[in-house]
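To start, the structure itself, in structure tokens.
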Amino acid sequence: MPPEPVKIRNIHVQKFRNHTQSDAVFGGGINAVLGENGEGKTNLLEAISYLCLTKSFFGSSDAIVLQVGENHFEIAGELEADAGIRYHVAVTYDRLQGEKKFSINRSPVASFAEVIGSFPVVVLSPESGAITTGGPADRRKFLDFVISQSSKVYLEDLLEYRRVLRQRNKVLFDGRVTRSDCTELLEPWDEELVDRGVRITHRRKVFLKELQPLVNEAYGRIAGRAENPSLRYQPSVRHAEEASEAEIRRQFEEDLRRTTGEERKLGVTLVGPHRDEMHLEIQGLDVRSHASQGQHKTFLVALKMAEFLYLQAKQNERPILLLDDMFTELDSHRASRLLTLTESIGQVFITATSDRVFPPDFDWADNHRRFVVQQGTVEHEESSVGTRAVSRRRA
Ligand SMILES: Nc1ncnc2c1ncn2[C@@H]1O[C@H](COP(=O)(O)OP(=O)(O)OP(=O)(O)O)[C@@H](O)[C@H]1O
Ligand SMILES: [Mg+2]
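Residues 35 to 429 in our numbering are what the sequence shown spells out, letter by letter.
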């Protein structure tokens, strides 16, 4: 069976960011979200990410996205997944009780981690730029986000690894402050750290191998030529390319033994996947230090398209694609190639300040829709109104 697109049919947003109350019924193809700066376009995409991922794709806290001066926000909508099955999804947050609730078909979801991957989504926003321009933590965030959406086991390993790391760091830190020997206190954490850490390292390695050909393909299609983009994994626990999990484990244990003196001196854990790096290279040169602005953007879009193709293959479902402000960032050739790429891949949300990124004869009938966001309200532009009406409204 070919992969079916995941879709968000409609949304109801209340007291979220600058949306006091917004309602919209979306199309199954391209949904253009148009409006001036600061009107609430990105906020609408962020609300969609709450429904798909239980949280903001920016990592903003619930208290921050709650409308200023209010105590309660609500986002609800109908999502289509698993080959056409409809789910009523809702998320609410109450500031006074400090409580967030997520429900599917009106049944509360106990663990938010359960939801991750059920409604796969790929987000490309100006903040995503950190993947190619930022530090190793930004690239690890990308890896973890994608793998977690396709593997519940990985997400569980990751959450547990982070918990163990926090505990282990606390033991090391306390030991440093009190100048006491913490060997016995460390032991139980070491074992768990290695168990989870080995699985994470191994999974990241396999993932990057699978992602590489997808990146090559997407990069070539956007750039129009081959520039040899490559992903080079540099795990904190160094091991041979073809090392088994058992071999990685032995190396991890040895690294921990070797760094124990230093760890106690500094009070932090020095080895493990929380120190991994993924190098991005074009023609063998590091992107961060050598790539042009355009190559940065092309690499980023290629990574995101590869993420899309990867999730699609793993789940036999096409993720929802959220493209925030991306077209203004690309030259017209690359922008039109990206538009062509997205036109037939499933449900896509594109924010822009102008509809000029779409060709004048773009067919807004059928499953493509245009919305105008103004001061936190969303209005559907009927297709028969024509392109000029959008510009007039904003004039
Ligand atoms: N918690 C909040 N409560 C109320 N308003 C908020 C809140 N957070 C942000 N805003 C407002 O939302 C607006 C920004 O919305 P958004 O980022 O969606 O704009 P945009 O349409 O994407 O603009 P741009 O084209 O510049 O990206 C700002 O005016 C900001 O003051
Ligand atoms: Mg924006």
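Cβ atoms here follow ideal geometry from the backbone N, Cα and C, with glycine treated the same way.
If you check the C-beta of D365 against ligand 2, you find no heavy atom less than 7 Å away. The three-state secondary structure of S366, taken from DSSP, is helix. In the displayed model, M312 falls within a strand according to three-state DSSP. Look at T385: its beta carbon is less than 7 Å from one of the heavy atoms in ligand 2. Put simply, of Y344, H414, V407 the residue whose alpha carbon is nearest the alpha carbon of W398 is H414. Within the same chain, L227, T303, G306, H308 come within 8 Å of L199 by CB-CB distance, once the 5 residues on both sides are set aside.
Within the chosen limit of 7 Å, ligand 2 does not reach the beta carbon of K134 with any heavy atom.
In this structure I165 is in contact with F176, their Cβ atoms being roughly 5 Å apart against a cut-off of 8 Å. Of all alpha-carbon atoms in N77, N139, H46, L373, the one lying nearest the alpha-carbon of I109 is that of H46.
If you check the C-beta of T411 against ligand 2, you find no heavy atom less than 7 Å away. Proximity to ligand 1 was defined by a C-beta distance below 5 Å to any of its heavy atoms, and the residues meeting it, in sequence along the chain, are R51, N52, N71, G72, E73, G74, K75, T76, N77, Q101, V102. Per DSSP, Q246 lies in no beta strand (DSSP E); the unbroken alpha helix (DSSP H) holding it starts and ends at 217-257. In terms of Cβ geometry, Y127 and L248 do not form a close pair [threshold 8 Å]. For T88, the closest of V102, N105, Q183 by C-alpha to C-alpha distance is Q183.
Unbroken alpha helix (DSSP H) runs of no fewer than 4 residues, entirely contained in the region 327-413, are found at 327-349, 366-377, following chain order. Our two residues, V382 and G301, have alpha carbons roughly 46 Å apart in a direct line. In the DSSP assignment, R43 is bridged to no other residue.
Put simply, the backbone Cα of K75 is about 17 Å away from that of V156. Excluding its 5 nearest sequence neighbours in each direction, A147 has C-beta neighbours in its own chain below 8 Å: K186, L189, E190, L193, listed in chain order. Taking a contact to require three or more Cβ pairs closer than 8 Å, the region 249-262 and the region 216-232 do not qualify as touching. Within the same chain, G301, V302 come within 8 Å of F207 by CB-CB distance, once the 5 residues on both sides are set aside. V211 carries a helical assignment under DSSP once its states are collapsed to helix, strand and coil.
In this structure, the beta-carbon distance from I64 to E377 falls below 8 Å. About 6 Å separates the Cβ atoms of F361 and A386, confirming a contact at the 8 Å cut-off.
Between F405 and L68, the C-beta gap is smaller than 8 Å, which places the two residues in contact.
In the structure shown, the three-state DSSP call for R272 is coil. Cα atoms of R292 and R298: separation of roughly 12 Å, rounded to the nearest angstrom. G410 and N52 do touch by the CB rule: their CB atoms are close to 4 Å apart, below 8 Å. Beta-bridge partners of D320 (DSSP): E315. Taken from the Cβ of D359, at least one heavy atom of ligand 2 lies inside 7 Å. The bridge partners DSSP lists for S94 come to none. Taking N105 as the centre and dropping the five residues before and after it, the same chain places the C-beta of D128, R129, L130 closer than 7 Å to its C-beta, in chain order. Beta-bridge pairing by DSSP links D128 to H106, E133. With 16 or more other Cβ atoms inside 10 Å of its own Cβ, I42 counts as buried. Between the alpha carbons of R173 and L314 lies a gap of roughly 9 Å.
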